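With my numbering, the residue at position 199 of the sequence shown is 1105, and numbering never jumps. See below for the structure under consideration.
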Amino acid sequence: MDKWNRISLKDQTKRILSELSKNKSYESDYLLGIPGSYLDSRVFPRSDIISGNPFLTTLSSNPNHIGVHTEGSSEAFFSGTQNLEREVLAICAESLLKCESKKYDGYVASGGTEANIQASWVLRNFFREGGLKNNEICIMGSSDTHYSIHKAANILDLQVSIVEVNTETRQIDKNGLKAILKKLQSEGIRGIIFFLNMGTTMFGSVDEIGSIDGILCEFNFEYRYHIDAAFGGFIYPLTNPKQKLNFLHPKVASATLDAHKMLQAPYGTGVYLCRKGLMNYTSTDKAQYVRGFDSTLCGSRSGANVVAVWMILHSYGYDEAKKFCEKLVDRAKYLCNELERLGISFFYQKYMNIVTIKAECISREIINKYSLVLDSAEDPQWAKIVLMEHVKMANIKDFLEDIKRGN
Ligand SMILES: Cc1ncc(COP(=O)(O)O)c(C=O)c1O
């Protein structure tokens, strides 16, 4: 799939209610064996306000999307909204990350942390299947990588190795990477799970797969990449369609995208994607009561979250989504130009919407007044501004005026 279409709210409602009608209903079907959560009718009355709004209707009917629905059989009770999940994953995998049609699996996870842990879990088991032991597998990433890799390593009993970045470009220091790889080789590491960022948390920086791969190739490691596009996944592929962090690279195994960041979806809408076949490495035949078994970290999860993501994606369609993202990039560029004129140091990744300012260049009063996010509470070096829909041009202008006045 190259692009996806815009669908009017009226047609979205028709489609979602039609898929919802294919789900079994707690109200009108026999669901004697499901310990699923029929929302308590004293607290969640099925009022007229709810009926008609497809997201709230789905929320109130509370489908459980447990398991993975891109492969094999799934729970038949909620087959309608599972169709919508497959469509969401197709947009993410095919249109945004250039995966071949039907050559991927995935699910809507609780968020970026879960998707990153799921990715590490899948790849650890993949390497173990190839004969490697836990102490021969290492998770790697730049020093700007999200801290969830440390959670993953801790849970999965793996080593983590962090590569410093160049402070000007925020790109991985190549000599540092070579030195670490030599050391890991001498310590007996054989398998590497390498996290590549499409939008680091603090800088929005995007790792260059070409130069990193050039170095990894010089060694004899088994390695696979996981793309952490939790922040950038719903903007960078649209604003920079020629970007290289995607499934066209043969060593890219999986990706995380968070709909509850740039896509402005409710929390609980992280997306995990991997190449077809890889999810088998976390399958368990112990999940006997779940049809199609379960290879996800979370187990039960809400189908309403899927509907929210589906609705947002189709309220735009590819072309409108691209325009929307480009508007945010323009706002970021405007801010950068003004900061440059004021002689204030900052980092900006082209095609992204995060501007990270040297903390020493602005007063604490301004940082607090505009709720900028600091890289460290104790010893802040950087303060970031995320240009999203709620950060209006008028807000940016007020911020710049305050800087000029030295407030
Ligand atoms: C790049 C990146 N990865 C992962 C995460 C974790 O996402 P979540 O908070 O949804 O678990 C974040 C959160 O800010 C992030 O910026």
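For every residue, glycine included, the Cβ atom is placed at its ideal position computed from N, Cα and C. As the structure is a prediction and not an experimental result, all values here were calculated from the model.
Residue i, buried or exposed, once every other Cβ within 10 Å from all chains shown has been counted against 16
{"i": "C1123", "result": "exposed"}
{"i": "V949", "result": "exposed"}
{"i": "H1296", "result": "exposed"}
{"i": "E1284", "result": "exposed"}
{"i": "G958", "result": "exposed"}
{"i": "R1270", "result": "exposed"}
{"i": "R1330", "result": "Because the chain is modelled from 907 through 1313, residue 1330 falls outside the range shown and cannot be assessed."}
{"i": "G856", "result": "Because the chain spans 907 through 1313 in this model, residue 856 falls outside it and cannot be assessed."}
{"i": "K1167", "result": "buried"}
{"i": "N1040", "result": "exposed"}
{"i": "A1300", "result": "exposed"}
{"i": "Y1254", "result": "buried"}
{"i": "L915", "result": "exposed"}
{"i": "S947", "result": "exposed"}
{"i": "S1282", "result": "exposed"}
{"i": "Y936", "result": "exposed"}
{"i": "E1006", "result": "exposed"}
{"i": "E981", "result": "buried"}
{"i": "G1105", "result": "buried"}
{"i": "R1311", "result": "exposed"}
{"i": "N1072", "result": "exposed"}
{"i": "N1146", "result": "buried"}
{"i": "T1202", "result": "buried"}
{"i": "S1208", "result": "buried"}
Residue i vs residue j beta-carbon contact at 8 Å
{"i": "V1213", "j": "L1169", "result": "no"}
{"i": "L1002", "j": "P1143", "result": "yes"}
{"i": "A1021", "j": "V1261", "result": "no"}
{"i": "G1138", "j": "M1294", "result": "no"}
{"i": "D1134", "j": "F1101", "result": "yes"}
{"i": "N929", "j": "P960", "result": "no"}
{"i": "T976", "j": "E925", "result": "no"}
{"i": "I1045", "j": "I1055", "result": "yes"}
{"i": "F1309", "j": "I1272", "result": "With the sequence shown as reference, residue 1309 is identified as Ile, and Phe is not the correct amino acid for it. Yes, the Cβ-Cβ distance between I1309 and I1272 is below 8 Å."}
{"i": "A1210", "j": "T964", "result": "yes"}
{"i": "F1032", "j": "Y1222", "result": "no"}
{"i": "I1121", "j": "K1157", "result": "no"}
{"i": "S966", "j": "R952", "result": "yes"}
{"i": "K1004", "j": "F1153", "result": "yes"}
{"i": "E993", "j": "V1014", "result": "no"}
{"i": "C1267", "j": "I1250", "result": "yes"}
{"i": "I972", "j": "D1225", "result": "no"}
{"i": "E1128", "j": "R1096", "result": "yes"}
{"i": "E1070", "j": "S1049", "result": "yes"}
{"i": "I1218", "j": "A1171", "result": "yes"}
{"i": "K1242", "j": "S1016", "result": "In the sequence as presented, Lys is not what sits at residue 1242; that position holds Cys. For C1242 and S1016, no; Cβs fall outside 8 Å."}
{"i": "H1220", "j": "I913", "result": "yes"}
{"i": "I1151", "j": "I1099", "result": "Contrary to the premise, residue 1151 reads as Leu rather than Ile in this sequence. Against a cut-off of 8 Å, the Cβ pair of I1099 and L1151 comes out as no contact."}
{"i": "V1112", "j": "N1103", "result": "yes"}
{"i": "I922", "j": "F983", "result": "no"}
Cβ-heavy atom distance, residue i to ligand 2, below 7 Å
{"i": "T1106", "result": "No copy of ligand 2 occurs in the structure displayed; its ligands are ligand 1 alone."}
Per DSSP, the bridge partner or partners of residue i
{"i": "F1252", "result": "I1263"}
{"i": "F1180", "result": "It is Cys, not Phe, that sits at residue 1180 in the sequence shown. Partner(s): D1011 and S1160."}
{"i": "K1290", "result": "T1262 and V1279"}
{"i": "C1231", "result": "Paired residues: none, contrary to the question."}
{"i": "E1128", "result": "G1097"}
{"i": "A1135", "result": "L1163"}
{"i": "S1048", "result": "V1069"}
{"i": "D1317", "result": "Lying outside 907 to 1313, the shown extent of the chain, residue 1317 is not represented and no answer is given."}
{"i": "L1102", "result": "I1133"}
{"i": "S1206", "result": "Answer is none; S1206 lacks a bridge partner."}
{"i": "N970", "result": "S1208"}
{"i": "I1078", "result": "V1071"}
{"i": "I1043", "result": "G1097"}
{"i": "V1112", "result": "M1104"}
Supposed contact pair residue j and residue i - C-beta distance, whole angstroms, cut 8 Å
{"i": "S1067", "j": "I1086", "result": "6 Å"}
{"i": "W1288", "j": "K1256", "result": "Not really, about 18 Å apart at Cβ, beyond 8 Å."}
{"i": "G1012", "j": "H1052", "result": "No, G1012 and H1052 are not in contact; Cβ-Cβ is about 19 Å, not under 8 Å."}
{"i": "V974", "j": "M1108", "result": "Going by Cβ atoms, the distance from V974 to M1108 rounds to 32 Å, so no, they are not a contact pair."}
Minimum Cβ-Cβ distance from residue i to chain C less than 8 Å
{"i": "C1180", "result": "Among the chains in the structure shown there is no chain C, since it carries only a single protein chain."}
Tell me whether the stretch 1052-1063 and the stretch 1012-1030 touch, counting them as touching only if at least three CB pairs, one residue from each stretch, are closer than 8 Å. yes
Pairing CB atoms from the stretch 1240-1247 with CB atoms from the stretch 994-1008, are three or more of them under 8 Å? no
With three or more beta-carbon pairs closer than 8 Å as the criterion, would you say the stretch 1171-1190 touches the stretch 1220-1232? no
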